[in-house]
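2 protein chains.
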Amino acid sequence: MGARTDTRQKMLCGAIELLGERGAAGVTVDAVLARSGAPRGSVYHHFPGGRAEIMSESLTLAGDTISALITAAADRGALGVLAGIAEFWTATLLASDFEAGCPVVSVAVGGSPEDHHLQPEVANILHRWHDTLTIAITAEGVAPARAARLATMAIAGVEGAVILCRVDRSTAPLDEVVEELRVLLATAVDN
Amino acid sequence: MGARTDTRQKMLCGAIELLGERGAAGVTVDAVLARSGAPRGSVYHHFPGGRAEIMSESLTLAGDTISALITAAADRGALGVLAGIAEFWTATLLASDFEAGCPVVSVAVGGSPEDHHLQPEVANILHRWHDTLTIAITAEGVAPARAARLATMAIAGVEGAVILCRVDRSTAPLDEVVEELRVLLATAVDN
DNA sequence: GTCTATACGAAGATAGAC
DNA sequence: GTCTATCTTCGTATAGAC
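Here it is, written out as structure tokens:
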């Protein structure tokens, strides 16, 4: 599997940006081209499956990117993962002037009929995040069942907070949620 | 200010359902008609502003409905509100076979250009929920600043959990999040 | 690999008959 | 109040030139 062309990568990155900013419905072929600056003729050359293939590959790439982030931060323990995710979203929200949201959530929420085939991959991605987080929390000495619940709480809280941040055009909701998650995690570790 | 016609109400309810199930982009005029069984000719009769007016009114109605739910449950204290919200979403998710999500979140996430004018109303709705929750938590003896943070955590957690429930086709994520929110609230009240 | 041109369908909106 | 065209725009996809 040789290196993929630059154009292809640019298109996928553009698609991920659009996914976060405008939701699944906002990822039109034209928008991807405009965003990435890729030439028209490249679409069906690089993605024979058309829009469906662009959606599927960009979703996978987005999921892998954040999975890598979580896994890398796991070295610093459960609190490290939390800090890592918070840093990532704070930077992403600020850099986009609060236009960007989570691309995976966008697909999960915008359940249009033509993007329905992406649901299994969304579930896959979220389960991977959950598993990694659960392991990190368990390593702190929390019982597995409780750790799994805390992992669910953390993912739901952070994803919900990112939505609130966009609406408020402020990183405050994320800061507050992370702070409360830290408190919750601390009490769980002490037991 | 007389009573509004049945057709108008049916269309708005259909629009709210579509908003939760397919996101903002899924609320097309045709889909609203099909869902509500309303006649074609009714669209611009009841909603001179066309789709934009349907979106705006259905969003407001959805926000008010959930606001009323929260306010009503506030009599039972902060835990009562949490229980009330949990019951509502559990019932909604099950009744829709996990197709329905939060209509307000759908608008917040699916930021298409043509629905951009709805952002202020989304912020309004979420702030109303937040204020009501903050008051309920403060009434339990929690300091105002902490109560506001807990309210943010609760809204973010529940909205995030609803997304996870849809993806997993299970109410388990919501149950887990509500359980952890209860724990968090309990420790906050004790201090 | 990239371009233009075009076919096809879906969606919003309007006009005019009933 | 409701219906049937019809117009326009947009989005996906394909064909064929360069």
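Going line by line, the protein sequences match chains G and P.
Numbers 1 to 191, taken from our numbering, label the letters of the first sequence in order.
Numbers 192 to 382, taken from our numbering, label the letters of the second sequence in order.
The C-beta atom is built at its ideal place from N, Cα and C for all residues, glycine as well.
Note that the structure is a prediction, hence the values are computed from the model and not measured.
- Around the C-beta of His130/G, 16 or more other C-beta atoms lie within 10 Å, and the residue is accordingly described as buried.
- According to the DSSP assignment, Pro144/G belongs to the alpha helix (DSSP H) that extends over Pro144 to Asp168.
- Cβ-Cβ distances below 8 Å link Ala263/P to Gly275 in the same chain, with the five nearest sequence neighbours on each side left out; the list follows chain order.
- Remark: C-beta atoms of Val27/G and Leu18/G approach each other more closely than 7 Å.
- Taking the beta carbon of Met11/G as reference, no residue of chain P falls within 9 Å; the closest one sits roughly 20 Å away.
- At a cut-off of 7 Å, the C-beta of Glu350/P has a neighbouring C-beta in chain G.
- Sequence-distant partners of Gly214/P (beyond 5 residues in either direction) whose C-beta falls short of 6 Å from its own C-beta, in its chain, are Ser297 and Gly301.
- Judged by their CB atoms, Gly292/P and Gly348/P are not nearer to each other than the 7 Å cut-off.
- Membership of Val218/P in any alpha helix (DSSP H) is not indicated, and neither H nor E is assigned to it by DSSP.
- Spatial neighbours of Ala379/P in its own chain (CB-CB distance under 7 Å, excluding positions within 5 residues in sequence) are listed in chain order as Val333, Arg337 and Leu341.
- Check the Cα spacing between His117/G and each of Asp306/P, Glu350/P and Val358/P: the tightest is with Val358/P.
- Shortest Cα-Cα distance from Gly37/G to any of Phe47/G, Lys10/G and Thr60/G involves Lys10/G.
- In this structure, the CA atom of Leu224/P is about 36 Å from the CA atom of Ala62/G.
- Residues of chain P whose Cβ lies closer than 7 Å to the Cβ of Pro173/G are, in chain order, Thr343 and Ala347.
- Pairing Thr152/G with Ser247/P, the inter-Cα distance amounts to about 33 Å.
- Where Gly63/G is concerned, the enclosing alpha helix (DSSP H) starts and stops at Arg51 to Ala73.
- Legend: CB atoms of the region 282-294 of chain P lying less than 9 Å from CB atoms of chain G belong to residues Glu290, Gly292 and Cys293.
- At a cut-off of 7 Å, the C-beta of Ser297/P has a neighbouring C-beta in chain G.
- For the set Ala277/P, Ile346/P and Ile316/P, the Cα lying nearest the Cα of Ala363/P is the one of Ala277/P.
- With contacts defined as CB atoms closer than 7 Å, Ser96/G and Ala25/G fail to qualify as a contacting pair.
- Using a 10 angstroms sphere on the CB of Pro39/G, the tally of other CB atoms stays under 16, which defines it as exposed.
- In the three-state reduction of the DSSP assignment, Asp306/P falls in the helix class.
- Close partners of Ala314/P in chain G (Cβ separation under 9 Å): Val167, Asp168 and Arg169.
- Per the coordinates, the alpha-carbon of Ile155/G lies some 14 Å from the alpha-carbon of Leu69/G.
- For the C-beta of Arg149/G, the chain P residues within less than 7 Å are, from N- to C-terminus, Glu367, Glu370 and Glu371.
- When secondary structure is reduced to three states using DSSP, Asn124/G falls in the helix class.
- The Cβ of Gly301/P sits closer than 7 Å to at least one Cβ of chain G.
- Rounded to whole angstroms, the Cβ separation of Leu12/G and Ser58/G is 5 Å, and the two are in contact under 8 Å.
- The beta-carbon distance between Arg182/G and Leu79/G, rounded to whole angstroms, is 7 Å. This is short enough to meet the 8 Å contact definition.
- The beta carbon of Thr134/G does not come within 7 Å of any beta carbon belonging to chain P, so the residue lies off that interface.
- Look at Cys293/P here: in three-state DSSP terms it is coil, with no helix or strand label.
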